[in-house]
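**Student:**
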Amino acid sequence: MNQLVNGEWRTDTYEATDEDGAFQRGETTFRNWIVGSDIPDHVDAEIDERFTPEAGRYHLYVAYACPWAHRTLLARSILGLEDVISVSVVDPWRGEDGWQFSPEKPGCTVDKLHDSTYLRELYVEADPDATCRVTVPVLWDTEEDTVVNNESREILRMLTTAFADLGNGARLLPEDADEVDRVDEVISEIYEPINNGVYRAGFATSQSAYDEAIDELFEALGRWDDHLAENRYLVGDTLTEADICLFTTLVRFDHVYHTHFMCNRRFIHQYEHLWPYLRDIYTTPGVAETVDMDHIKEHYYTTHPDVTPTGIIAHGPDLDFEAPHDRDRLAGSPPIPESAD
Ligand SMILES: N[C@@H](CCC(=O)N[C@@H](CS)C(=O)NCC(=O)O)C(=O)O
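Read in the numbering used here, the sequence shown has 968 at position 309, and its numbers run on one by one without any break.
Laid out in structure tokens, this is it:
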């Protein structure tokens, strides 16, 4: 797979799987924290005083296709930060040269800050000796002209804490500190079996690595389906970062992970509670406009020739994410902007 090595783009470098055929996701490299962020206990980092939260200063580079970038788009949209943080959208197709800007394609934009052709140019601008994968999302600071952070979970936390007062008043974290800890625990709990689990299944190069990923994935989905029988959301009574993290995997599941990544023991729309939960979140104000199923399908089916060599995009299934969900019978409510009547 492709990555930067000392600022040079290389197409012959890292293996995505280990000797047992199990997918290994590399660590992200830019990990600065903006002033006013609540850094979770599990993160060993400090606030960087260079970066203060200001409207119009920061920019997000995303792919609509990517579940990690989608976390940050969701927070930006639900919290009403569209005029505070601008966005550039890359081409859903990623080839030999990595993510690229293809403004002629529907839903894609130019690089609004630098007019680059490839996302990797930004990484080199931020660090001329960068040795890393070139991934989305990227949070860019126009004042320091550098990458602040490219780890979705950390960008998400910055948006929900440092930027929350610049938005519409909605919140994506509980007020109670213990519940925030629980949000962090749940995000960690769902990461390996579910968020990363679909990739572990799809990119496995041995039967045993695939089997293990599938067992863990469907065991975890079953467990959370049970939880959602009695609870509208994953933690407490409001939609939180934890729901955002689960949602971006669930909304891609039936269209791509089920078929392309062979996560085909069950569809999400066959689960009694996960399916209405997915529709509940999809119909929450600010969510549907962040979901671009054409980008999602194009990306997965055309970008992984090892997995789907023909690049043919599967049609189904035909799902109605806006069908009534009846989850408002459970205690809890979606995040409410201050301006809402
Ligand atoms: N841990 C990172 C993962 C980001 C990531 O892997 N993004 C994928 C897109 S879904 C990517 O850009 N991959 C490009 C590559 O690995 O070369 C995060 O959560 O932000």
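For each residue, glycine too, the CB sits at the ideal point set by N, CA and C. All of these numbers come straight from a predicted model, not from anything done at the bench.
Could you tell me whether the Cβ atoms of Arg816 and Pro699 are closer together than 8 Å?
**Tutor:** Cβ distance < 8 Å, so Arg816 and Pro699 count as in contact.
**Student:** Answer yes or no: do Arg830 and Arg891 have a C-beta to C-beta separation smaller than 8 Å?
**Tutor:** No, the Cβ-Cβ distance between Arg830 and Arg891 is not below 8 Å.
**Student:** Along the chain, which unbroken stretches of the alpha helix (DSSP H) at least 4 residues long are found entirely within the stretch 801 to 880?
**Tutor:** Segments of the alpha helix (DSSP H) lying fully in the stretch 801 to 880: 811 to 820, 836 to 849, 856 to 861.
**Student:** Go to Ile903, then tell me how far its alpha helix (DSSP H) extends in each direction, as first and last residue.
**Tutor:** Unbroken alpha helix (DSSP H) run through Ile903: 900 to 911.
**Student:** Which residue's Cα is closest to the Cα of Asp786: Val915, Asn665, His928, His974?
**Tutor:** Minimum Cα distance to Asp786 is reached at Asn665.
**Student:** Using only CA atoms, which one of Gly695, Phe689, Phe980 lies nearest to Thr819?
**Tutor:** It is Gly695.
**Student:** The beta strand (DSSP E) that contains Leu663, what's its start and end?
**Tutor:** Taken as a continuous stretch (DSSP letters only), the beta strand (DSSP E) holding Leu663 covers 662 to 664.
**Student:** Count the other C-beta atoms from every protein chain shown that fall within 10 angstroms of the C-beta of Glu981, then say buried if there are 16 or more, exposed otherwise.
**Tutor:** Result: exposed.
**Student:** Check each candidate in Asn855, Gly975, His729, Asn854 and name the one with the smallest Cα separation from Thr949.
**Tutor:** If we check each option's Cα against that of Thr949, His729 comes out closest.
**Student:** If distances are taken between C-alpha atoms only, which option among Asp800, Gly739, Glu802, Tyr720 comes closest to Arg779?
**Tutor:** Closest option to Arg779, Cα to Cα, is Tyr720.
**Student:** What runs of the alpha helix (DSSP H), each 4 residues or longer, lie entirely inside the stretch 728 to 807?
**Tutor:** Those alpha helix (DSSP H) runs which fall completely within the stretch 728 to 807 and span 4+ residues are 779 to 785.
**Student:** Starting from the N-terminal end, write out each residue whose C-beta falls within a distance shorter than 7 Å of any non-hydrogen atom of ligand 1.
**Tutor:** Going along the chain, the residues that qualify are Met660, Asn661, Gln662, Arg684, Thr687, Ala722, Ala724, Cys725, Pro726, Trp727, Ala728, Arg753, Gly757, Trp758, Arg792, Val793, Thr794, Val795, Pro796, Asn809, Glu810, Ser811, Arg812.
**Student:** On the three-pair Cβ rule with 8 Å, is the stretch 764 to 779 touching the stretch 746 to 753?
**Tutor:** Cβ pair count under 8 Å is three or more, so yes.
**Student:** Let me check one thing: in DSSP terms, what residues is His718 bridge-paired to?
**Tutor:** The partner list for His718 (beta bridge, DSSP) reads Ser745, Trp799.
**Student:** May I ask which residues mark the beginning and end of the alpha helix (DSSP H) holding Trp934?
**Tutor:** Start and end: 933 to 941.
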